[in-house]
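The block underneath contains the structure these notes are about, expressed in structure tokens.
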Amino acid sequence: MTACRTSPLLPAATALLAASIAAPTLAYDGAYLAIEGGAWDIEDGPIPFALEPAGSDDIDDDSELEALRSAFRAWACVPGTSVRFAESEEPGVVDMGDDGVNSLFWDETGDFGLGPGTLGVTSGDAGNGVRRQADIVFNGFDSQWSTDETPSAVDVGSIAVHEIGHYIGLDHPCDKPGGQEQNCNGPDRSIMTPAWDGAIGRTPMPDDEEGVKALYPDDGSGGGCDGPFRKGEACSCDDECVEGLVCVQPPGGGRSVCGELCASDDSDCGGAFACVLGMPEGDDRAEGVCVPSAANAKPPGAVCISDGDCASGTCALLFDLARSICMEDCDDDDDCTEGRRCYDGFCLGGTSHEACPVPPGPCGCASSSSSGAFGSAVALLAAGALLARRRRG
Ligand SMILES: [Zn+2]
């Protein structure tokens, strides 16, 4: 499945004329159109994305990367949806396809063949029940980009929020898909309309909100885009996670995410997580935490079924716990990496989670220097009156 936004680069008058000739007499009769099999399974965590660090050659302050993050966030903050995103710790790449990285990047060379009329293309798998990979390429070869509403440039946020709509499984709200769209709902009601009029539009509109809520309805966990956070979302301490989850620091460091507790006798963490056991408290039971993990690269100390589950390549039975564990073998703690400890020849633990620090209560202290920082950042979007007429496909 590929969907894109185009810009024909016609003189404005011609574009307007073409638009009036082709003006639809009927709008598409739904609010949104979903891509068959284009939605992700978010039960086990947020939708991953990776930003290619170079971004756009036209922008040298990385504000385009922030604009991309803001566009993801705009979708996550639609009330009544549980869609969430997690930026990968690994950088994105200038590549599309099933390469294990869901990259957003600018094509500055024209190698991806978007052509002068196309501003961005989203490519993702579809038809497999749930989406497993997607990429977004922006046309840096034919188009000038900006984040500061430069009139002649393409606004990163306005195109990104549209492409991310495709990324999460929404199609153009039109009668016919695949470049033959007719009777599309217009930009007055849908950011997913294929025609971009050059106006700054960096948030989903009412029709788009209906679409994202239908694909990713609120799961009732109580999470919000500003927290509390759901499983797999980044966190810094336990209380930032929704009820029942803790903020898990994975072995060896890396980003902490909200996850469940588990134990040697209750080790189901869901598909994208592994139950890493800590030191047994008694003879036959150990508690642990669920850490994000690829199914074939579980860390030492994780409950496993076969050697292929383990990053170490060895899944062996720990008799005391009656569980097979990904093995990093040891004689004592010094043999274990990443803070793990040695138990009966197996390195265990290395994970942690912490309650949030209790804010100091009123104490009558003379100093007021410890008052909390309440940064209230209100971003006001001044809608620029752009004259450029563009089409987004
Ligand atoms: Zn599109």
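FYI, the working numbering numbers position 89 of the sequence shown as 72, with every residue one higher than the one before it.
Here a beta-carbon is modelled for each residue, glycine too, at the ideal position from N, C-alpha and C.
Predicted model, so just to flag it, every value in this text is computed and none were measured.
Asked	Found
Alpha helix (DSSP H) containing GLY148: first to last residue?	139 to 150
Counting along the chain, where does the alpha helix (DSSP H) carrying SER53 start and finish?	46 to 59
Is it buried or exposed for ALA285, if we count other Cβ within 10 angstroms and need 16 for buried?	buried
Going by beta carbon distance, what residues of the same chain come within less than 8 Å of GLY203, once the five residues before and after it are set aside?	none
Going by the DSSP bridge assignment, what does HIS336 pair with across the sheet?	VAL231
Look at the alpha carbon of VAL272 and the alpha carbon of THR105, and state the distance between them as a whole number of angstroms.	36 Å
So, helix, strand or coil for LEU(-7), using DSSP?	Below a pLDDT of 50, predicted positions are generally treated as unreliable, and LEU(-7), at 33, falls in that range; the measurement from the model is reported next regardless. Looking at LEU(-7) - three-state DSSP - the assignment turns out to be coil, as it is neither helix nor strand.
Going by beta-carbon coordinates alone, are CYS220 and CYS230 separated by less than 8 Å?	yes
What first and last residue would you give for the beta strand (DSSP E) that runs through ALA33?	30 to 34
Where do the ends of the beta strand (DSSP E) carrying GLY194 lie?	Per DSSP, GLY194 belongs to no beta strand (DSSP E); it is in the alpha helix (DSSP H), 189 to 198.
Helix or strand or just coil, what does DSSP make of PHE124?	coil
So GLU91 is in the beta strand (DSSP E); what residue range does that whole segment cover?	No beta strand (DSSP E) contains GLU91, which DSSP labels as neither H nor E.
Please return the same chain residues whose Cβ sits closer than 6 Å to the Cβ of GLY322, not counting the five positions on each side in sequence.	GLY333
Which word fits PHE302, buried or exposed, when buried means at least 16 other C-beta atoms lie within 10 angstroms of its C-beta?	exposed
With a threshold of 7 Å on Cβ separation, who are the neighbours of ARG56 within its own chain once the five nearest residues in sequence on each side are excluded?	CYS208
Thinking C-beta only, is SER71 closer than 8 Å to ALA117?	no
Straight-line CA distance for SER307 to SER276?	17 Å
Which residue spans inside the segment 279 to 303 form an unbroken beta strand (DSSP E) run of at least 3?	298 to 301
Per DSSP, which residues does CYS252 bridge with? Please list them.	CYS252 pairs with nothing; no bridge assigned.
Does at least one heavy atom of ligand 1 sit under 7 Å from the Cβ of ARG(-12)?	yes
Give the C-beta separation of ASP40 and GLU91 to the nearest angstrom, bearing in mind that I take them to be a contact with Cβ-Cβ under 8 Å.	5 Å
Is the beta carbon of PRO134 within less than 7 Å of some heavy atom of ligand 1?	no
Since CYS325 contacts ASP318 with CB under 8 Å, what's their CB separation in whole angstroms?	6 Å
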